Amino acid sequence: MGTTWTGTIGTLSGVWVNSRSFFWDLSLHVDALITATIGKKKVMLYIQRGNSSGKNKANPLYLWVTDNNRSFYVGPVGMDNAGEKELASTLLYSDGNLHLLQRRGNGEGSVISLSRLTEELKEIKSVLSTWAQKDVFFSRFSIPTAGLVAVLSNASANNGTWIDEYLCLNATVTNARKVEDGLQLTEPNSGVIWPVNIPDDNVRHISLSHNFTLVASVTIEKAPSEDAPLLGAMLGDTNSPHTMGILYTADRKWMTVLKDKKTTKSGTWEAGKEYQVALMLQGNKIFVYFDGKLLGEEELPLKSERPLELVSFCFGACGIQNFPVTVANVFLYNRPLNSTEMTAIKDRKPEDKKGSGDGSMRESMSRVLPLLLLGMWGIAALY
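If you use full-length UniProt numbering, the sequence shown corresponds to residues 1 to 383, in order.
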């Protein structure tokens, strides 16, 4: 028997729990984890305790579902009542029904309750159906779906939220205008923040670890008066975060930001032209790509093999003034993409469009269904 376990790349890396200062601290504790087959899909269901502030306050119990690739937050299904100690909670799935079994005690005795989670199960089935439909849709356009965690594209972006096509990881939007398959960021404060692994006082899970790829399509509308962001990321842990990304300059050059160091690269950009940018982490090494070509790489001083506590992507005005850009079709994978996949993402056309013209993937998609180009958009931000 060995002493080291190695996680499988392209799967959910873990579930976040608080480090317990005391053995009775159950905030963000995960339990009641079960496996189930729902609608021919094998999934895991689990309960995560919330973290209410103040003494003697009840903690909510949150239900999650995961297919070991992406996770969906179903919602609260019960409360760990104030004045009572929950001794155990268990999820039960049998004969097409989902129940929550709880046992509580207050020193004078204990009580057992059984709740039927009918509406929650209905929502889970709907979400699993959406996941399957999206996988089929993207596969029709030769877009890899293995390890595909989330997509920001043609879903609604109302009330300051850009909704993930897979309904799992939404982004926060500031002062943006909806366009086909994406957003137009035209104001100095226009921006999008996409928190993926971010600490929270309530609930939280982990979507990415030391292997991921973010791909985006971006269009620079006009030359900026100073260095401007295209795609940015912050990752690491809460005590030592690292920033990285791609910028474009007033003299039409590309610039990478790795380990807080700016490096101007060869090559120029054109206003009004769509580009594909990508950010990939493989182990402790970060890679930056532009139209499938390696723009820069750097070793990051990540401290351990534990899942990253902090992963956040930013597009537009996130610490740096935004200049007019359009971002669209943002795809996030929990694994590195190889060079063949990167090239295919940029060059392939829909399967049903083979041999018809020489239009770009974007043009082909707009004639059929939105959301084709697995180019992802982004704009870098130094936090």
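Beta carbons are placed, not taken as given, at the ideal position from N, Cα and C, and that holds for glycine.
Since this is a predicted model, take the numbers as computed values, not measurements.
Whole-angstrom distance between residue j and residue i, CA atom to CA atom
i      : j      : result
Asp260 : Leu91  : 46 Å
Trp162 : Val277 : 20 Å
Leu98  : Leu117 : 5 Å
Glu270 : Trp254 : 11 Å
Ile193 : Arg177 : 15 Å
Ser139 : Thr145 : 7 Å
Thr249 : Leu258 : 16 Å
Val30  : Arg49  : 7 Å
Gln102 : Ser153 : 40 Å
Leu302 : Pro241 : 9 Å
Ile320 : Leu45  : 40 Å
Asp135 : Ala32  : 29 Å
Phe137 : Glu108 : 56 Å
Glu180 : Ala171 : 17 Å
Val65  : Cys168 : 10 Å
Thr326 : Ile47  : 39 Å
Residue from the options whose Cα sits closest to the Cα of residue i
i           : options                           : result
Leu279      : Val215, Tyr46, Ile47 and Asp80    : Val215
Val151      : Val330, Phe137 and Arg335         : Val330
Ser89       : Leu100, Asp95 and Val288          : Leu100
Glu119      : Ser266, Gly109, Asn159 and Gly75  : Gly75
Tyr289      : Lys42, Leu247 and Leu302          : Leu247
Leu185      : Thr213, Ala228 and Phe212         : Ala228
Ala233      : Asp181, Leu208, Leu337 and Thr343 : Leu208
Asn69       : Asp181, Thr174, Asn322 and Gly147 : Gly147
Lys265      : Phe313, Ser240, Leu281 and Glu297 : Glu297
Asn211      : Gln133, Phe287, Asn170 and Arg252 : Phe287
Val43       : Lys134, Ala344 and Lys125         : Lys125
Leu300      : Met244, Phe323, Gly267 and Thr343 : Met244
residue 389 : Trp64, Val127, Asp251 and Gly236  : A query on residue 389 cannot be resolved here, the shown segment of the chain reaching from 1 to 383 and no further.
Leu332      : Gly267, Trp131, Thr213 and Leu169 : Thr213
Glu123      : Phe72, Ser217, Ile143 and Ile47   : Phe72
Thr263      : Leu295, Ile47 and Leu337          : Leu295
Tyr275      : Asn338, Ala328 and Ala132         : Ala328
Start-to-end residues for the beta strand (DSSP E) that takes in residue i
i      : result
Gln133 : Careful: Gln133 lies outside any beta strand (DSSP E), inside the alpha helix (DSSP H) at Thr118 to Ser139.
Gly267 : Lys261 to Thr268
Thr186 : Careful: Thr186 lies outside any beta strand (DSSP E) and carries neither H nor E.
Asn59  : Asn59 to Thr66
Asp80  : Ser71 to Asp80
Lys293 : Lys293 to Glu299
Arg252 : Here Arg252 belongs to no beta strand (DSSP E), and DSSP marks it neither H nor E.
Ile34  : Val30 to Ile38
Thr145 : Per DSSP, Thr145 belongs to no beta strand (DSSP E) and is neither H nor E.
Arg49  : Lys41 to Arg49
Opposing strand residues paired with residue i [DSSP bridges]
i      : result
His99  : Leu92 and Arg116
Asn197 : Val311
Phe323 : In the DSSP output, where bridge partners are listed per residue, Phe323 has none listed.
Asn211 : Gln282
Gly236 : Pro241 and Leu310
heavy atom of the ligand COA below 6 Å from residue i C-beta
i      : result
Gly292 : The ligand COA is not part of this structure, which contains no ligands at all.
Cβ pair count under 8 Å reaching 3, the stretch 181-196 against the stretch 287-302: no
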